[in-house]
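Student: Each residue of the sequence shown is one higher than the last, beginning at 0 in numbering that gives the first Met the number 0. Beta carbons: idealized from backbone N, C-alpha and C, even for Gly.
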Amino acid sequence: MFKKNLFFVILISCVSVLSFAETAELVSKSKAKLNNLEKIKGTKESSKISVAGAKAAEQVNKDELYWAGKDEVSDEEIELFKTALDKIEQKNFKEGKENLKKLLDKYPKSALAEDSLGLLKEIDKQ
Numbered sequence: 000m001f002k003k004n005l006f007f008v009i010l011i012s013c014v015s016v017l018s019f020a021e022t023a024e025l026v027s028k029s030k031a032k033l034n035n036l037e038k039i040k041g042t043k044e045s046s047k048i049s050v051a052g053a054k055a056a057e058q059v060n061k062d063e064l065y066w067a068g069k070d071e072v073s074d075e076e077i078e079l080f081k082t083a084l085d086k087i088e089q090k091n092f093k094e095g096k097e098n099l100k101k102l103l104d105k106y107p108k109s110a111l112a113e114d115s116l117g118l119l120k121e122i123d124k125q
C-alpha cells in the first residue's frame with residue numbers, strides 16, 4: 000500500500016513539474032517577442048527618417064518577424080504584459096492572470112492578446 004501511495008505522489012509531482020516547464024517555455028518565448036516589440040517601438044520613436052529595402056534571405060529565427068505589422072502597442076500594454084510574465088515566473092499565477100485579464104479587457108485587439116490568451120490557458124492547467 001505504501002509503495003502504491005508513493006507511486007501516486009511521485010506521478011503527481013512529475014506531472015506538475017512538466018506542466019510548469021511548458022508554462023516557463025511559453026513565458027520565455029513571450030519575453031523574447033516582447034523584447035523584439037520594444038526594440039521596434041524604440042527605433043520607431045527615435046527615428047525621423049525612414050529608409051526601406053528588401054533582401055531575400057533565409058529566415059533564421061521566426062520569432063524576429065513576429066511583430067511585423069503589429070507594433071502599435073502602448074506603454075501600458077507592455078507594462079501589464081511584463082508584470083504578468085514576472086508574476087508567472089515567480090509562480091504567482093493569481094496576480095499573473097489578473098494582469099493578463101486586465102490587458103485583454105482594456106486592449107482586446109492588442110498585439111499581445113494572442114500570447115495573453117495562450118498564457119491564461121497554460122496557467123489554468125496548473
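Would residue 83 and residue 98 qualify as a contact pair, given that the criterion is a beta-carbon distance under 8 Å?
Tutor: Mapped onto the sequence shown, residue 83 falls at position 84. Mapped onto the sequence shown, residue 98 falls at position 99. Taking 8 Å as the cut-off, the beta carbon of residue 83 is found closer than this to the beta carbon of residue 98.
Student: In three-state terms, what does DSSP make of residue 73?
Tutor: The count along the sequence shown starts at 1 and reaches residue 73 at position 74. Coil at residue 73, not helix or strand.
Student: Within its chain, find whatever has a CB closer than 7 Å to the CB of residue 79; leave out the 5 residues flanking it on each side and keep chain order.
Tutor: Here the question's residue 79 lines up with position 80 in the sequence shown. Apart from sequence neighbours up to five positions away, the residues of its chain that approach residue 79 with a beta-carbon distance below 7 Å are 98, 101, 102, ordered along the chain.
Student: Is it right to say residue 114 is buried, meaning 16 or more other beta carbons lie within 10 angstroms of its own, or is it exposed?
Tutor: Taking the first residue of the sequence shown as 1, we reach residue 114 at position 115. With 16 or more other Cβ atoms within 10 Å, it is buried.
Student: Which residues mark the beginning and the end of the alpha helix (DSSP H) in which residue 96 is found?
Tutor: As a working note, residue 96 is residue 97 in the sequence shown. Secondary structure note for residue 96: its alpha helix (DSSP H) is the uninterrupted segment 92-105.
Student: With H, G and I counted as helix, E and B as strand and the rest as coil, what does DSSP make of residue 20?
Tutor: Here residue 20 refers to the residue found at position 21 of the sequence shown. Correct three-state label for residue 20: helix.
Student: Compute the beta-carbon to beta-carbon distance between residue 36 and residue 72, rounded to the nearest angstrom, for a pair I have assumed lies under 8 Å.
Tutor: Against the sequence shown, residue 36 aligns to sequence position 37. Against the sequence shown, residue 72 aligns to sequence position 73. That pair is a contact at about 6 Å.
Student: Ordered along the chain, which non-local residues of its own chain (more than five positions away) have a Cβ less than 7 Å from that of residue 152?
Tutor: The question about residue 152 has no answer here: the residues shown for the chain are numbered 0 through 125.
Student: Name the two residues that bound the continuous alpha helix (DSSP H) containing residue 112.
Tutor: As a position in the sequence shown, residue 112 is number 113, starting the count at 1. Residue 112 -> alpha helix (DSSP H) spans 112-123.
Student: Between residue 122 and the rest of its own chain, which residues show a CB-CB distance below 6 Å, the 5 nearest in sequence each way excluded?
Tutor: Taking the sequence shown and counting its residues from 1, the one referred to as residue 122 is at position 123. Only 92, 96 meet the Cβ criterion.
Student: Quick one: using the 10 Å Cβ neighbour count with 16 as the cut-off for buried, is residue 86 buried or exposed?
Tutor: Within the sequence shown, residue 86 is the residue found at index 87, counting from 1. So residue 86 ends up on the buried side.
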